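S.K.:
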Amino acid sequence: AQSVTQLDSQVPVFEEAPVELRCNYSSSVSVYLFWYVQYPNQGLQLLLKYLSGSTLVESINGFEAEFNKSQTSFHLRKPSVHISDTAEYFCAVSETGGFKTIFGAGTRLFVKA
Amino acid sequence: NAGVMQNPRHLVRRRGQEARLRCSPMKGHSHVYWYRQLPEEGLKFMVYLQKENIIDESGMPKERFSAEFPKEGPSILRIQQVVRGDSAAYFCASSLPGQGGYEQYFGPGTRLTVT
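The listed protein sequences correspond, in order, to chains A and B.
Taken in order, the first sequence gives residues -8 to 104; the numbers are from the working numbering.
Taken in order, the second sequence gives residues 390 to 504; the numbers are from the working numbering.
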């Protein structure tokens, strides 16, 4: 069975500082990996995804995540955060050839001025 | 192309009443997923449906909860005899047919409050 662990429930950080949100997964088969973002009182939006190919994937708003198969990790990073990045971030995994997506518990990123 | 639509956005029910939550997937999407998000918790998978078929309901409570996705019309998540513990945000997502790596598009959610 698959599982996703987001190691930090809350991450406070100052504006323009770098941030890393950690995600580890477990699966006995190959997987697809996702990061979603949820702004207050809204649904989830896809931030970026890894399906195959380059292990480093980027989003349009400066986030990136690196798939590390040996460490079964998919950490999300941004070199300089903005106030507007304040949101909850969910890591998710689905098996290649499967249909169910398993979500982590979420990490609340709080960017302070 | 309209996104995933859910209604109502907010629903208040008294204990013992029924709650019906509706989800219209994105055009062209035939796969629908329902999730529940409890306060301060992550997203929990409830059920995965295709048109007229329940594919996986392993996350659904055994009693009082049911879901359907008819050939015509929206997907419905139905909660009978609601209790306070059912208060949560319920999200619907849809995706293209296929397996695994297709992105799920989420609706804005229905926030159910049981008084």
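Each residue gets a CB set at the ideal place from its N, CA and C atoms; glycine is no exception.
Keep in mind the model is a prediction, meaning the values are calculated, not measured.
Taking the alpha-carbon of Arg68(A) as reference, which of Gln1(A), Phe94(A), Ser0(A) and Phe54(A) has the nearest alpha-carbon?
M.R.: Here residue 68(A) refers to the residue found at position 77 when the first sequence is read from its first residue. The shortest Cα separation from Arg68(A) among Gln1(A), Phe94(A), Ser0(A) and Phe54(A) belongs to Phe54(A).
S.K.: Within the same chain, show all residues whose beta-carbon is closer than 7 Å to that of Ala477(B), passing over the 5 residues directly before and after it, in chain order.
M.R.: By 1-based counting over the second sequence, the position of residue 477(B) is 88. If we look at Ala477(B) and ignore the five residues flanking it on each side, its Cβ neighbours are Arg425, Gln426, Leu427 and Leu501.
S.K.: Could you give the first and the last residue of the continuous beta strand (DSSP E) run that contains Gln1(A)?
M.R.: Within the first sequence, residue 1(A) is the residue found at index 10, counting from 1. Note, Gln1(A): beta strand (DSSP E), Gln1 to Phe5.
S.K.: Taking Cβ-Cβ distances shorter than 9 Å, what residues in chain C pair up with Pro459(B)?
M.R.: Checking the listed chains, one finds no chain C in this structure; the protein chains it contains are A and B.
S.K.: For the stretch 444 to 469 of chain B, enumerate the residues whose C-beta is nearer than 8 Å to any C-beta of chain A, in chain order.
M.R.: Residues Ile444 and Asp445.
S.K.: Looking only at its chain, what residues have a beta carbon closer than 8 Å to the beta carbon of Ala83(A), apart from the 5 residues adjacent to it on each side?
M.R.: Counting from 1 along the first sequence, the entry for residue 83(A) is found at position 92. Closer than 8 Å at the Cβ level, and outside the excluded window around Ala83(A), lie Val(-5), Leu24, Phe25, Trp26, Tyr27, Thr92, Ile93, Phe94 and Gly95.
S.K.: Assign Arg403(B) to one of two classes, buried (16 or more other C-beta atoms within 10 Å of its C-beta) or exposed (fewer than that).
M.R.: If you number the second sequence from 1, residue 403(B) lands on position 14. Looking at its Cβ environment, which holds fewer than 16 other Cβ atoms inside 10 Å, Arg403(B) is exposed.
S.K.: Between which two residues does the beta strand (DSSP E) carrying Lys60(A) extend?
M.R.: Sequence index remark: in the first sequence, residue 60(A) carries index 69 (1-based). Counting along the chain, Lys60(A) falls outside any beta strand (DSSP E), and DSSP gives it neither H nor E.
S.K.: Run down chain B in chain order and give the residues with a C-beta less than 9 Å from the C-beta of Ala78(A).
M.R.: The residue given as residue 78(A) occupies position 87 in the first sequence. What Ala78(A) touches in chain B: nothing, since even the nearest Cβ is about 14 Å away.
S.K.: What does Phe90(A) pair with, by DSSP beta-bridge criteria?
M.R.: The sequence position of residue 90(A) within the first sequence is 99, counting from 1. Phe90(A) pairs with nothing; no bridge assigned.
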